[in-house]
Every structure is written in structure tokens, then in C-alpha cells.
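What follows is a single structure, written as C-alpha cells, with notes after it.
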Amino acid sequence: MTLGRSSTRARAAFLAVAAAGALAAGLAFVWPARVACGGAWPAPLDDVYIHANFARATASGHPFEWIAGQGYSSGETAPLYPLLLAPAFWLGLRGEAVVAFAFGLAALALATACAKLRDLQGQGGALALAGGLTWVSVGALAFTWFSGMEAAAFFAVTLAALASAESARSGLRGRAQAARSAGRWGAAMVALRPEGLLLVGLFALLAARGARSRSPWPPLLRVALPAALVQATVMAANRALTGDLASAGARLKLLASNPYLDDVARTKEVVMNLLSFKWKVLDTDLGPAALAALGALGLLGALGRRTRHATLACVIGALGFSMLVSLNGAARYQGFRYYAPALGLALTAGALGASELGRLARSRALGVASLVALALLTGARAGAARRFFTQASENVHLQQVAMGKKLSRELPGDAIVLVGDAGAIPFFSERRSVDALGLGGYRRLPFVRAAVLGEGAMLEQLERLAPAERPTHFALYPTWFPLATGLFGRELAHVTIENNVICGSPTKVLYAADYAPFGAGDDRDLGSPPTALGGPVDCLDVADVQSEEAHALVAPTPNSGYVGARVARLEGPGLPPEARRFDAGRAIAEDRALSFVARGLGARAARRLLVRGDDDGLDLHVSAPGGACDLRAERRPGAFTHASCDALQVGDGDTVSLTARGRESRVYHVWLAEPER
358 MTLGRSSTRA RAAFLAVAAA GALAAGLAFV WPARVACGGA WPAPLDDVYI HANFARATAS
418 GHPFEWIAGQ GYSSGETAPL YPLLLAPAFW LGLRGEAVVA FAFGLAALAL ATACAKLRDL
478 QGQGGALALA GGLTWVSVGA LAFTWFSGME AAAFFAVTLA ALASAESARS GLRGRAQAAR
538 SAGRWGAAMV ALRPEGLLLV GLFALLAARG ARSRSPWPPL LRVALPAALV QATVMAANRA
598 LTGDLASAGA RLKLLASNPY LDDVARTKEV VMNLLSFKWK VLDTDLGPAA LAALGALGLL
658 GALGRRTRHA TLACVIGALG FSMLVSLNGA ARYQGFRYYA PALGLALTAG ALGASELGRL
718 ARSRALGVAS LVALALLTGA RAGAARRFFT QASENVHLQQ VAMGKKLSRE LPGDAIVLVG
778 DAGAIPFFSE RRSVDALGLG GYRRLPFVRA AVLGEGAMLE QLERLAPAER PTHFALYPTW
838 FPLATGLFGR ELAHVTIENN VICGSPTKVL YAADYAPFGA GDDRDLGSPP TALGGPVDCL
898 DVADVQSEEA HALVAPTPNS GYVGARVARL EGPGLPPEAR RFDAGRAIAE DRALSFVARG
958 LGARAARRLL VRGDDDGLDL HVSAPGGACD LRAERRPGAF THASCDALQV GDGDTVSLTA
1018 RGRESRVYHV WLAEPER
């Protein structure tokens, strides 16, 4: 009993020392940024405040909501992290103090990671602390750990899962208990980063290695099943509450989700992500000498009998994780934060190699010295990352935070603000918000699927909203949203920063929304044809996500099918003369086809097909199972154009194809109706 209490006290003392070291390293890194932000706690990434929004909603009894009361959002890809941040609000912290709380949480997480490293090394605390020193001496890692994001917490539970899996492999007793522990930590990994599922699978294989002559399935399932269940639960919730299995972040950022890229373009993006990581992190933040030292230590760890399996798990995990996150279109931005766990695992492999070096030399001091030397090599290069952290924090503080506080002071309490992938603006304004990129849920509309298609599709979602539920104001980058700001916005104010290194644009603009191009009441254009069709029986609103999905539309992608939008003259019943209305559509490149499935028509019969194009006119070949026709509309500057054929044989469930002839055509609406008598 006394021995157990002594061991507990020793572990607590080690954690205290490690946490103090992490706090000291973190303060040294972030303090210049705090000064640059006028004493406010710095956040170099606006995404920190996205987590803070989810945490505030959680603390107020609305878990998994971006804004309390607006409903479930799949935009939080780390659903456990808001639960970890929620106590900040229960403690009464507000504003930038919540980011300071996240900083303290990161220091505690790194201390926990040090404790797990000590378990893996099986040697004294000094060697583990030296390994921890390497984690905070690399500029890109320090940037990510102390940014307020979830990376440090994810890294801590990753090492905890690895230590438990290694214990399940190598232990003489308690293997089942260790495997179950690895499974619990693995579940936390997936709840902090979905990419963690890859590492959990690797750790499950590691634990199964200890089965020897027994079946490997029990340890494999004990480690892997909890994480798989967490991921399945998240996907089921997404499907039930948003209609989409994938999270909003995956839809928006993964290269595979971009319909306009072909395989060659996606491959180029992956290669560019990896090369950028090499050039800007491995070559710059580590350098040749540190990379050589890390490689030598990793080789020692891989050759050592005691450290071999854990070291190989770290190396393979680092490589696999790097490849996986390179499929993210945003991987090479935001300080390379997506690569931080992989780099941390690589340094952990080096720390395990240092323990093997100390064992071979019968001198722990030599192992400690090798890690301290590695930390000195990387620390000497951390100045650029520290300056980047400072400048990025100042950018976010002077633009995003300033705009959020401005909205809090100047907008009425019932204002609804349209933002674009913004965290600080809704956090500080405390106003209802709609995310144009779909990372926050709103009325269960598929904003994220629309955002992937383009700005015009997002505007189609705004058109679907009842006027009272539409955003009253926009806080957007006009360079990101030229259609929304140019067609529907009236500028009220703007915030411009200098030396921008992190924000989407130097200038953030506040607009009052004006939805006149949508029309109002009976004057609205909700797919009304330009002339009476004798009762149209089917209407495809091109670039409207719901209408396209209902009609099983197949766009002419990749490299075509781009969504665009315009406001032009529109003639039709109930519309005033010279009415100008909004519509979004898709481009069909020459000799490419857009197809859709007709709905609600009944048996195949002769029907009239009417197509709306833009002022450049139309030149299309239309084909259906019951026949074909050609459509042509001449150019009409400043006005939508229309073309029709009157005897196309079409029935319910038939596929209709529109092929561009001779040049590109842009299609906005398609109607099928009874033919004129």
C-alpha cells in the first residue's frame, strides 16, 4: 500500500514537472503574440473559435451545435474537444480567456504524453522529459500545440493508446485489460480526429502481435472496436440529422469531394501537399542535421528488441498519417497543423531510439543528451514559426475578433449574419449566424454540399429560406463571395489588416443584405417559366442541391459543370416589366452532357421541354429514350434566354440528356410540361 502511494505521488510529481515545462515552453512561444494582440490571449487560427462556439453551445446544454438553438451540425470534426473546453464557460471564462484555457489544456495534454512516453521507454523520467522537449522545440509543432486547437489532446491520447497497445503485446499479465485500455484511448482518438482511425487500426495489429499461438482476434477487436463504434455513431448521427454520412469538414475539404477535379489534378494536389510539408517543415523547421539525427535514433529504436514494435508503429503511423492528411485540400495551410500528429510520432520514434542508445551505452545520460541536442538543433530554427504565430495571431485579432466585437456593439440582437468558415465573428458577436460554407447547421439545409459546388449553389439555399430566416447581414470576404456581396450586399463597414499571413483576405466587409433579386411574395422567381406552359409537371432547378438530387442529376464533371449565377432580365407571368431576377446554373462544355431523371410525369408521352440559359444563348442537343430534338436560343444581352421543343417523348423515370453543341452553354432551369394545343 505504501509502495502504491509512493508510485502515485511520483507519477503526480512527474506530471507536474512535465506540465510546468510545457507551460514554460508554450509561454515563451506565444508571449510575443500576446504582446502584439494588446494583452489579449492570442489565437493564430480563426478555427480555434469554431471549437469555442461548439463548446459554448455544449456548456449551455446544446451539444453538437455550432450556435445554441440552431440544431445539430456535423462541422465539428473533433466532437470530444468541445466537451473538454466546456468547463471554461462553467468557470465563467469569456472571450479570449477561453483560448487561454485551451492553452492550459494543451500543456496538460503534453505532460500526459510525456508520461506515456516514459511508459514506452521503460526508463527514468529525465529521458521522457527530454523526448517531450523535442516536441515543443520544432516550430511547426509548437505553432499547432499552442494554437488552441485539438492537436495536443489528440497526440496525448494517441500515445496513451500506443502505450496500452504495446503493453497488450508485450505484457506477461493483464493483456486483455491493456487491450481494453487501448480501445478506450482509441475511441477518444477518433472523437478528436477522424484520421485517428488509421492509427487505431495499426495499434490493434500491434496488440494482436502478442497473441502468439492464441487467436489474434480478441485483442484486435478489443482495441479496434470502440473506435469503429464511435466513428459509426458519428456517421449515423450525421445521416439522421443532416441527410449526409460524411461530416461537413470532409465534404468541404477532402480532394475526393471536389467534383471539378479529375484524378490527375487530385494527384497533383496530394504531391504538392507532401512537397510543401517537406520544404516548409522538414527542410526548414528541422533541417538536414536534425533529420539525420532523428533518422539515426529512429533506426536504433527499430533495431532494439524492447523498442522495436513501438518504434515501427510510430514510423509507419507517421508515414500513413501524412499520406492520409495529404488528401485534405487544406493540408498545406494553417501552419501545417494537420501534419502535427505525424511529426510528433516521428519524434517519439526518435525518443524511443534514444532510450535504446542509453541502454546500449549503459548510460541514460547519453540518451538524454542525444534528445537535448536534437531539441537544440530544431529550437535554433523555431524563430520563423514564432514570428508566424505572432503575425497570424495579430491578423486574427485585428480582423476576425475586431469584426465580431463590432457586430456585437452595432447590430440588433435579432440580426442574422452570413459568414464564411468563420469562428471569431459569431463567437464575439453572439448573433445567430449562417455559415456559407456549411460548417454550422442551419434549418437542416445542405449548405456544405452547396458550397462544394460553388457560390451560386449557396445562394440557391438562401433563396429557399423564408425571408424572416435569411441573414440580415453579411460579414464576408468579397474576394471569396463576389456574387453574394456584389448582387445582394450593401457595404456598411470594413476591416483591413496589413501583413496578412493567415486570413482569407486582408479586408473583411460588413454588408446589409438586400434580397431584391430573389423577388418577394408573388414576385419571387421560384422556377416560374417565362410563359404559361399549360401546367408544367416537372421542374429542374439547376445548381439547387435538393432539386438536382431529386432528379438524380449527373453533371458534366470533371473540368466542366461549374456552377455560376447571375441577375438578369426575366419575363414571365406575374413578373413586372424589366424584372431582374437571380438564378444559378451550370456550364456544359462543348460536346459534354448534363443528364437528369424526369420525375412525376406518368407514362411516356409527348411533352414540351423548356430550357433557361443566360444571355449568351443556348445550343443544345436533347435526347431521351423516346426521341431527340435540338434547342437553340440567340444571344440577348442582359436577359435570360429560353428555348423549347414541343414533342419530346418523355415519361416518369426517363433520363434526359442535354449536350452542348459547338460551344459551351449554361443551363439554369429545365421544365417539362404538356405540349401546347
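Counting in our numbering, the sequence shown runs from 358 upward without gaps.
Just so you know, even glycine gets a beta-carbon here, dropped at the ideal spot from N, CA and C.
The structure presented is a predicted model; accordingly, all values stated were derived computationally and were not measured.
Identify every residue that forms a DSSP beta bridge with residue i.
| i | result |
| --- | --- |
| Ala1000 | Val968 |
| Lys865 | Val852 |
| Ser750 | Ser750 pairs with nothing; no bridge assigned. |
| Glu1021 | In the DSSP output, where bridge partners are listed per residue, Glu1021 has none listed. |
| Val920 | Arg943 |
| Ala962 | Val1007 |
| Asp1104 | Because the chain here runs from 358 to 1034, residue 1104 falls outside it and cannot be looked at. |
| Phe953 | Val1013 |
| Trp502 | Paired residue(s): none; Trp502 is not in a bridge. |
| Asn685 | Leu611 |
| Val776 | Asp792, Ala832 |
| Trp1028 | Cys896, Leu967 |
Output yes or no for whether 8 Å exceeds the beta carbon distance between residue i and residue j.
| i | j | result |
| --- | --- | --- |
| Ala544 | Pro576 | no |
| Leu816 | Ala941 | yes |
| Arg992 | Asp972 | yes |
| Val924 | Leu844 | yes |
| Leu486 | Gly378 | yes |
| Arg526 | His754 | no |
| Gly505 | Val405 | yes |
| Tyr438 | Leu549 | yes |
| Thr599 | Gly798 | yes |
| Leu728 | Leu477 | no |
| Lys610 | Gly686 | yes |
| Ala699 | Phe500 | no |
| Ala675 | Ala703 | yes |
| Leu467 | Ala497 | no |
| Ile782 | Gln757 | yes |
| Ala464 | Leu380 | yes |
Excluding the 5 residues preceding and the 5 following residue i in the sequence, name in chain order all residues of the same chain whose CB lies nearer than 6 Å to its CB.
| i | result |
| --- | --- |
| Ile304 | Outside the displayed span of the chain (358 to 1034) sits residue 304, for which this structure offers no information. |
| Leu1016 | For the record, residue 1016 in the displayed sequence is Thr; it is not Leu. Excluding residues within five positions, the ones whose Cβ falls inside 6 Å are Ala950, His978. |
| Gly724 | Leu484, Ala711, Ser712, Leu714, Gly715 |
| Pro982 | Asp1011 |
| Val455 | Ala409, Ala445 |
| Thr469 | Ala513 |
| Gly661 | Glu713 |
| Phe458 | Ala445, Leu450 |
| Arg623 | Leu612 |
| Thr365 | none |
| Phe864 | Reading off the sequence shown, one finds Thr at residue 864, where the question assumed Phe. Result list for Thr864: His851, Thr853, in chain order. |
| Arg413 | Phe446 |
Contact defined as beta carbons within less than 8 Å: I believe residue i pairs with residue j. What is the distance between those atoms, to the nearest angstrom?
| i | j | result |
| --- | --- | --- |
| Asp976 | Ser1014 | The pair is not a contact, with the Cβ atoms about 15 Å apart (cut-off 8 Å). |
| Leu822 | His1026 | About 19 Å; that fails the 8 Å criterion. |
| Ala443 | Ala400 | That pair is no contact at about 18 Å. |
| Gly970 | Val1024 | 6 Å |
| Ser786 | Gly761 | 5 Å |
| Leu402 | Gln691 | 6 Å |
| Phe804 | Gln818 | 6 Å |
| Gly567 | Arg530 | That pair is no contact at about 12 Å. |
Skipping 5 residues on each side, what residues in its chain have a beta carbon closer than 7 Å to that of residue i?
| i | result |
| --- | --- |
| Trp542 | Val514, Ala517, Ala518, Ser521 |
| Pro1032 | Ala963, Arg964, Arg965, Asp1003, Ala1004 |
| Pro913 | Ile945, Ala946, Arg949, Ala950, Leu951 |
| Leu639 | Leu648 |
| Cys986 | Val979, Cys1002, Leu1005 |
| Thr668 | Gly655, Gly658, Ala659, Ala706, Leu709, Gly710 |
| Ser750 | Ala390, Ala393, Cys394, Pro399, Ala400, Pro401 |
Does the Cβ of residue i lie closer than 7 Å to at least one heavy atom of the ligand FAD?
| i | result |
| --- | --- |
| Thr624 | In terms of ligand content, the structure shown is empty, and the ligand FAD therefore cannot be addressed. |
Excluding the five sequence neighbours on either side, which residues of its own chain have a C-beta within less than 8 Å of the C-beta of residue i, listed in chain order?
| i | result |
| --- | --- |
| Phe634 | Ser679, Ser683, Ala688, Arg689, Phe693, Tyr696 |
| Phe460 | Gly383, Val387, Trp398, Phe503, Gly505 |
| Asp871 | Phe845, Gly846, Arg847 |
Should the stretch 1001-1008 be regarded as contacting the stretch 959-978, the criterion being three or more beta carbon pairs within less than 8 Å?
yes
Contact the stretch 897-908 vs the stretch 808-824: 3+ CB pairs below 8 Å
yes
Does the stretch 717-732 come close enough to the stretch 363-377 to have 3 or more Cβ pairs within less than 8 Å?
no
Is it a yes or a no for the stretch 414-434 touching the stretch 476-483, going by three-plus beta-carbon pairs under 8 Å?
no
Sufficient close CB pairs (3 or more, under 8 Å) joining the stretch 831-846 to the stretch 758-776:
yes
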